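Visitor:
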Amino acid sequence: MDHRIRVLVAKPGLDGHDRGAKVIARALRDAGMEVVYTGLRQTPEMIVNAALQEDVQVIGLSILSGAHNAIVPRVMELLKEKQMSDVLVIVGGIVPDEDAAQLKRIGVAQVYQPGATLDSIVNFIRSSVKQTA
């Protein structure tokens, strides 16, 4: 039986810069996680539906466009509607500190800003999923 952590990495919104998301996806894969990368320009509905179909434990959203205050709350709302509140959501990108605090208040587990290390992301996911699994 495969007990690898399953992570969906998504690029929501109109931002077309996915190099960071691909670097994260590769780091998670190299750390032994199973990674599903949805590609560019995903809507919150597409992301949550993919997470449901792929039965992931973690959703990682990479947002550089500044649309995190619109996109992330919608993702969280859809997860709740689909009774998927056990899915860990992390966000990475250009997110001001005050916005990061608000995202955490609505249920985002962690927000990674520029300069975050790949090891810190891998370790956070491993420790968080172990606690909830």
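Residues 1 to 133 (our numbering) make up the sequence shown, in order. Even glycine gets a Cβ: it sits at the ideal position worked out from N, Cα and C. Note that the coordinates shown come from a computational prediction; the quantities given were computed from them, not determined experimentally.
From this set, 33, 51 and 73, which residue's C-alpha is nearest residue 107's C-alpha?
Guide: As a position in the sequence shown, residue 107 is number 107, starting the count at 1. The shortest C-alpha to C-alpha distance from residue 107 to any of 33, 51 and 73 is the one to 73.
Visitor: For the pair the stretch 9-28 and the stretch 59-67, tell me if three or more CB-CB distances fall below 8 Å.
Guide: yes
Visitor: What did DSSP end up calling residue 42 once you bin it into helix, strand or coil?
Guide: On the sequence shown, residue 42 is found 42 positions in, with the first residue counted as 1. In this structure, residue 42 counts as strand in the three-state DSSP scheme.
Visitor: State the CB to CB distance for the pair residue 55 and residue 6, rounded to an integer number of angstroms; the pair is presumed to be in contact (CB under 8 Å).
Guide: Counted from its first residue, the sequence shown places residue 55 at position 55. Counted from its first residue, the sequence shown places residue 6 at position 6. Going by Cβ atoms, the distance from residue 55 to residue 6 rounds to 6 Å, so yes, they are a contact pair.
Visitor: Here's a check: name, in chain order, each residue in its chain whose Cβ is nearer than 8 Å to the Cβ of residue 20, leaving out the five neighbours to either side.
Guide: Within the sequence shown, residue 20 is the residue found at index 20, counting from 1. If we look at residue 20 and ignore the five residues flanking it on each side, its Cβ neighbours are 62, 64, 92 and 93.
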